[in-house]
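> Residue numbers (full-length UniProt numbering), protein chains in the order written: chain S, 1 to 340; chain H, 1 to 340. This is the structure I have questions about; it appears just below.
Number of protein chains: 2
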Amino acid sequence: MPAPGKATINDIARLAAVSKKTVSRVINNSPLVRPDTREKIQTLMKQLGYAPDPQARGLAFRRSFLIGLVYDNPTAQYIVNMQYGALDALRDSGYELVVHPCDSNRDDYIDGIRRFALQQKLHGVILIPRVSEDDQLARALREIDVRYVRIASIPLDDPAHMLHTQERQAGVEAANYLQSLGHRQLGLITGPHRYRSSIERGGGFAHGLAQRGIELTPDYVFEGGYTFESGVAGAEYLLAKSPRPTAIFACNDEMAAGVYKAAMRRGLSIPGDLSVVGYDDSPLATQLWPALTTIHSPIRDLGRQAAQMLLAPEHAPAPTQPLSVTPHLVVRDSSQPPPV
Amino acid sequence: MPAPGKATINDIARLAAVSKKTVSRVINNSPLVRPDTREKIQTLMKQLGYAPDPQARGLAFRRSFLIGLVYDNPTAQYIVNMQYGALDALRDSGYELVVHPCDSNRDDYIDGIRRFALQQKLHGVILIPRVSEDDQLARALREIDVRYVRIASIPLDDPAHMLHTQERQAGVEAANYLQSLGHRQLGLITGPHRYRSSIERGGGFAHGLAQRGIELTPDYVFEGGYTFESGVAGAEYLLAKSPRPTAIFACNDEMAAGVYKAAMRRGLSIPGDLSVVGYDDSPLATQLWPALTTIHSPIRDLGRQAAQMLLAPEHAPAPTQPLSVTPHLVVRDSSQPPPV
DNA sequence: CTGAAAGCGCTTACAG
DNA sequence: CTGAAAGCGCTTACAG
Numbered sequence: 001m002p003a004p005g006k007a008t009i010n011d012i013a014r015l016a017a018v019s020k021k022t023v024s025r026v027i028n029n030s031p032l033v034r035p036d037t038r039e040k041i042q043t044l045m046k047q048l049g050y051a052p053d054p055q056a057r058g059l060a061f062r063r064s065f066l067i068g069l070v071y072d073n074p075t076a077q078y079i080v081n082m083q084y085g086a087l088d089a090l091r092d093s094g095y096e097l098v099v100h101p102c103d104s105n106r107d108d109y110i111d112g113i114r115r116f117a118l119q120q121k122l123h124g125v126i127l128i129p130r131v132s133e134d135d136q137l138a139r140a141l142r143e144i145d146v147r148y149v150r151i152a153s154i155p156l157d158d159p160a161h162m163l164h165t166q167e168r169q170a171g172v173e174a175a176n177y178l179q180s181l182g183h184r185q186l187g188l189i190t191g192p193h194r195y196r197s198s199i200e201r202g203g204g205f206a207h208g209l210a211q212r213g214i215e216l217t218p219d220y221v222f223e224g225g226y227t228f229e230s231g232v233a234g235a236e237y238l239l240a241k242s243p244r245p246t247a248i249f250a251c252n253d254e255m256a257a258g259v260y261k262a263a264m265r266r267g268l269s270i271p272g273d274l275s276v277v278g279y280d281d282s283p284l285a286t287q288l289w290p291a292l293t294t295i296h297s298p299i300r301d302l303g304r305q306a307a308q309m310l311l312a313p314e315h316a317p318a319p320t321q322p323l324s325v326t327p328h329l330v331v332r333d334s335s336q337p338p339p340v
Numbered sequence: 001m002p003a004p005g006k007a008t009i010n011d012i013a014r015l016a017a018v019s020k021k022t023v024s025r026v027i028n029n030s031p032l033v034r035p036d037t038r039e040k041i042q043t044l045m046k047q048l049g050y051a052p053d054p055q056a057r058g059l060a061f062r063r064s065f066l067i068g069l070v071y072d073n074p075t076a077q078y079i080v081n082m083q084y085g086a087l088d089a090l091r092d093s094g095y096e097l098v099v100h101p102c103d104s105n106r107d108d109y110i111d112g113i114r115r116f117a118l119q120q121k122l123h124g125v126i127l128i129p130r131v132s133e134d135d136q137l138a139r140a141l142r143e144i145d146v147r148y149v150r151i152a153s154i155p156l157d158d159p160a161h162m163l164h165t166q167e168r169q170a171g172v173e174a175a176n177y178l179q180s181l182g183h184r185q186l187g188l189i190t191g192p193h194r195y196r197s198s199i200e201r202g203g204g205f206a207h208g209l210a211q212r213g214i215e216l217t218p219d220y221v222f223e224g225g226y227t228f229e230s231g232v233a234g235a236e237y238l239l240a241k242s243p244r245p246t247a248i249f250a251c252n253d254e255m256a257a258g259v260y261k262a263a264m265r266r267g268l269s270i271p272g273d274l275s276v277v278g279y280d281d282s283p284l285a286t287q288l289w290p291a292l293t294t295i296h297s298p299i300r301d302l303g304r305q306a307a308q309m310l311l312a313p314e315h316a317p318a319p320t321q322p323l324s325v326t327p328h329l330v331v332r333d334s335s336q337p338p339p340v
């Protein structure tokens, strides 16, 4: 009797009086096993606490049971939620999650990911913005025949490889909300233009306003860097304008926190003098005072869906439309109608 | 000529006109290879972009090249920094990092980790508070002969398995600092008593004050839950006392943010009326206004050291004293001498 | 210092 | 529906 957790396919085969090939069939859910044989084997596996060795299986299969999570530099909360989501889907699947941050500013970064995928014979890879926006990376993965899912704010790839975050739509929602409160003089602090998400969030906001007949002139738009300091700078800029905006939409919460600082320094009260809406619903949002109205994206769901897509059977029917996930506005205490 | 990244030990052996055992010796840095043979083989490996297959190696070695990172529920920033640190040490080592969150409130959680370690034949495991504080888990890992490193605020294990965070010392430093500013009436918001870190941080603070002749009476100590809301509650409690404390030490930044909220609601200015010191130096610390004075711990260094310990040669001399890492106070804008 | 044989724990390809 | 043989890409144990 082998030690618990140490049994091999040979132990099971011997005890079940079948060949190891039959045990293998049970492991791999082959239909070509008589029901009673299958049951006998499954019982035995449970009794011995048997789990097939992923390395041996991987060696024979010529690929591993590892999913890679590849990202450049999102916020900590984003990464962690994504990991939790992916792990939700991988639980009890026999697959494990290997984290692989990278620096997409290095011109050999794709090579690093290729080597990673090749050497570990990854089953698949989840790509998060902004690396997910890189078509060259996607092509490199296709070339070496590694499955991948790209999480992005626009449909950049086949539906089978895409998870769409609908950030533009969320920008529209922020615009509609502020308009409905009665704001007419708005300010926008975007992220860097090289981030597709920034363009979508800000673009959606401007579009939403335009739909309701409010013009957002370019001098009320400030390009930030998704950082606290750039939020401060953006707010300094916008709050010095005349007429002063009564509401500011910042394309992430960190910049929104910067807006708080600039407003407080000027003695402006939030939301009395200025409404602020952020994006991300980071932990910060509820820890600021007043609590921040912001856009919540179901990041964990994204991670779960991405992992599920990678685990789907090889020839499962591909969706005709990219799967997507819908962010929504969370109203807290940083927004109200403009002062009269 | 095999495709790049697809060569095997057999290709190398054939092209070098040696046996694959000799190639294996080069891979494993055996000294039993003639220098010129070694060099010929190494050149060939580089030319073909050869990297040994970790699964095949693992199968033969009876253990994998995976390091597990096991944690319950620390903050996102902590997890991510720990991961970056561990990956710093693993880079180009052939080892990969597999993340494994768990729920230490479930009574079968140790079993889950055991199965994970056993099935993946992990090379080693990094344990973060609070799972690192669980002796039963450590024992379980020892029983199945899996290497582990425990990161904790007190030396719970052999030096070879410990990384000591010196949180008590940091608590003392916070006390000394506030005392030196002239504060005599202090308040303390601790974390939950079931967290060892909370006891050390708070205990160090009280001890530091006592050393300088300042008594911290129990009614000026509030047991929080490391959450924002508990920080608010703690501050509500402390600020209602008479005499009112002129400074509060919160055992993490999230609770310190809660103190901000409570103070602002009461119309107290920070740091004019109340000094606040936090712990963690989370992103929040610089995004609050005023920026928070807090304790910075080199989490990434911790992760790096932990991984290095796991990679150390099997019979490397163990340290006689646990390795440790020293946090330090970062003074920002939330602290100043008490009002006169 | 080097190598031929056997084996790690699985699966593939084939046969029945 | 089931199995014997060969192989995945490495290392161990042994021999020289």
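Glycine residues also receive a C-beta, built at the ideal position from the N, C-alpha and C atoms. Note that this is a predicted model, so its numbers are computed, not measured.
Let's test the definition: count the other Cβ atoms within 10 Å of the Cβ of SER64/S and tell me whether it reaches 16, buried, or not, exposed.
To locate residue 64/S, count along the first sequence from 1; it is residue 64. Result: buried.
> ARG202/S by DSSP, collapsed to three states: which one?
Taking the first residue of the first sequence as 1, we reach residue 202/S at position 202. Checking the sequence, you will find Gly at residue 202/S rather than Arg. Three-state result, GLY202/S: helix.
> I'd like to know whether the C-beta of SER153/S is nearer than 8 Å to at least one C-beta of chain H.
Here residue 153/S refers to the residue found at position 153 of the first sequence. With 8 Å as the cut-off, SER153/S does not count as an interface residue toward chain H.
> Taking 8 Å as the CB-CB limit, is LEU87/H close to chain S?
The sequence position of residue 87/H within the second sequence is 87, counting from 1. Taking Cβ atoms only, chain S reaches closer than 8 Å to LEU87/H, which makes this a yes.
> Could you list the residues in the segment 251-271 of chain H with a C-beta less than 7 Å from some C-beta on chain S, going in chain order?
Answer set for the segment 251-271 of chain H: GLU254, ALA257, TYR260, LYS261 and MET264.
> Looking at the structure shown, is SER230/S part of a helix, part of a strand, or coil, going by DSSP?
Counted from its first residue, the first sequence places residue 230/S at position 230. Helix, per DSSP.
> State whether the segment 166-186 of chain S contacts the segment 289-299 of chain S, with contact taken as three or more CB pairs (one from each stretch) at a distance under 8 Å.
Cβ pair count under 8 Å is three or more, so yes.
> In chain order, what residues of the same chain lie with their CB nearer than 8 Å to the CB of VAL232/H, ignoring the 5 residues before and after it?
Here residue 232/H is taken as the residue at index 232 of the second sequence, counted from 1. For VAL232/H, where only same-chain residues beyond five positions count, the Cβ hits under 8 Å are GLY258, VAL259, LYS261 and ALA262.
> Does the pairing of the segment 181-189 of chain S with the segment 216-226 of chain S give three or more beta-carbon distances under 8 Å?
Flag = yes, the segment 181-189 of chain S and the segment 216-226 of chain S touch.
> Between which two residues does the beta strand (DSSP E) harbouring TYR84/H extend?
The residue you call residue 84/H lines up with position 84 of the second sequence. Where TYR84/H is concerned, there is no enclosing beta strand (DSSP E), although the alpha helix (DSSP H) it sits in stretches over 76-90.
> Given this structure, state the Cα-to-Cα distance separating GLN47/H from ALA60/S, to the nearest angstrom.
Within the second sequence, residue 47/H is the residue found at index 47, counting from 1. Within the first sequence, residue 60/S is the residue found at index 60, counting from 1. Distance between the alpha carbons of GLN47/H and ALA60/S is about 26 Å.
> Would you mind telling me which residues of chain H sit closer than 7 Å to GLU143/S, beta carbon to beta carbon, in chain order?
Position 143 of the first sequence, counting from 1, holds the residue named residue 143/S. Chain H residues near GLU143/S: none, gap ~11 Å exceeds 7 Å.
> Anything in the segment 62-92 of chain S with a Cβ closer than 7 Å to a Cβ of chain H? List those residues in chain order, please.
Cβ contacts with chain H come from SER64, ALA76, GLN77, ILE79, VAL80, GLN83, TYR84 and LEU87.
> Examine the Cβ distances between the segment 273-284 of chain H and the segment 321-335 of chain H and report whether three or more of them are shorter than 8 Å.
Yes, the segment 273-284 of chain H touches the segment 321-335 of chain H.
> Under three-state DSSP, which class holds GLY124/H?
Walking along the second sequence from the start, residue 124/H turns up at place 124. GLY124/H falls in the strand class under three-state DSSP.
> Name, going along the chain, the residues of the UniProt domain "HTH lacI-type" (7-61) of chain H whose beta-carbon falls closer than 7 Å to a beta-carbon of chain S.
Those would be ALA51, PRO54, GLN55, ALA56, GLY58 and LEU59, in chain order.
> Does the beta-carbon of THR320/H have 16 or more other beta-carbons within 10 angstroms, so that it is buried, or is it exposed?
Sequence index remark: in the second sequence, residue 320/H carries index 320 (1-based). So THR320/H ends up on the exposed side.
> Under 9 Å, CB to CB, which of the residues in the segment 90-113 of chain S have a partner in chain H?
Taking 9 Å as the Cβ-Cβ cut-off against chain H, the residues of the segment 90-113 of chain S that qualify are GLY94, GLU96, LEU97, VAL98, VAL99, HIS100 and PRO101.
> Taking Cβ positions only, does GLY5/S come closer than 8 Å to chain H?
Residue 5/S sits at position 5 when you count from the first residue of the first sequence. Chain H, which has a Cβ nearer than 8 Å to the Cβ of GLY5/S, makes this yes.
> Return helix, strand or coil for GLU314/H, following the three-state DSSP convention.
Here the question's residue 314/H lines up with position 314 in the second sequence. Three-state DSSP puts GLU314/H in coil, outside helix and strand.
> Roughly how many angstroms lie between the CA atoms of VAL323/H and SER132/H, to the nearest whole one?
Taking the first residue of the second sequence as position 1, residue 323/H is located at position 323. Taking the first residue of the second sequence as position 1, residue 132/H is located at position 132. In the sequence as displayed, the identity of residue 323/H is Leu instead of Val. Distance between the alpha carbons of LEU323/H and SER132/H is about 15 Å.
> Would you say PHE228/H reaches chain S, if we count a Cβ-Cβ gap shorter than 8 Å as a contact?
Position 228 of the second sequence holds residue 228/H. So yes, PHE228/H belongs to the interface.
> Can you name the residues that DSSP bridges to TYR50/H?
Counting from 1 along the second sequence, the entry for residue 50/H is found at position 50. TYR50/H is not bridged to any residue.
> With three or more beta-carbon pairs closer than 8 Å as the criterion, would you say the segment 263-270 of chain H touches the segment 297-306 of chain H?
No: the two stretches stay apart, fewer than three of their Cβ pairs being nearer than 8 Å.
> Comparing C-alpha positions only, which one of ALA250/H, PRO283/H and LEU310/H sits nearest to GLN77/H?
Counting from one through the second sequence, the residue named residue 77/H turns up at place 77. Among ALA250/H, PRO283/H and LEU310/H, the Cα nearest to that of GLN77/H belongs to PRO283/H.
> Taking DSSP as the reference, what is the three-state secondary structure of ASP280/H?
The residue you call residue 280/H lines up with position 280 of the second sequence. Strand, per DSSP.
> Look up ALA152/H in the DSSP assignment and say whether it is helix, strand or coil.
If you number the second sequence from 1, residue 152/H lands on position 152. ALA152/H: strand per DSSP, three-state reduction.
> Does ARG184/H come out as helix, strand or coil in the three-state DSSP assignment?
For the purposes of this step, residue 184/H is taken as the residue at position 184 of the second sequence. The answer is coil: DSSP assigns ARG184/H none of H, G, I, E or B.
> Could you pull out every residue in the same chain whose Cβ sits closer than 6 Å to the Cβ of HIS183/H, ignoring the five residues on either side in sequence?
Working through the second sequence from its first residue, we reach residue 183/H at position 183. Counting only Cβ-Cβ distances below 6 Å, and skipping sequence neighbours, we find THR246, ALA247 and PRO338.
> According to DSSP, simplified to helix, strand and coil, what is ARG304/H?
As a working mapping, residue 304/H is identified with position 304 in the second sequence. Reduced to three states, the DSSP call for ARG304/H is helix.
> Where does THR326/S land, buried or exposed, given buried means 16+ other C-beta within 10 angstroms?
Start at 1 with the first residue of the first sequence, and residue 326/S comes out as number 326. Label assigned to THR326/S: exposed.
> Let me check one thing: in DSSP terms, what residues is GLY68/S bridge-paired to?
Taking the first sequence and counting its residues from 1, the one referred to as residue 68/S is at position 68. DSSP lists VAL98/S and VAL125/S as partners of GLY68/S.
> So, GLU96/S versus VAL70/H, is the Cβ gap smaller than 8 Å?
The sequence position of residue 96/S within the first sequence is 96, counting from 1. The sequence position of residue 70/H within the second sequence is 70, counting from 1. No. Outside cutoff.
> So the beta strand (DSSP E) LEU329/S belongs to, where does it begin and stop?
Counting from 1 along the first sequence, the entry for residue 329/S is found at position 329. LEU329/S -> beta strand (DSSP E) spans 328-330.
> Could you tell me if LYS6/S is buried or exposed, where buried requires 16 or more neighbouring beta carbons within 10 angstroms of its beta carbon?
Here the question's residue 6/S lines up with position 6 in the first sequence. Counting Cβ neighbours within 10 Å, LYS6/S comes out exposed, since fewer than 16 surround it.
> Under the three-state reduction of DSSP, which class applies to ILE189/H: helix, strand or coil?
Here the question's residue 189/H lines up with position 189 in the second sequence. Note: ILE189/H maps to strand in three-state DSSP.
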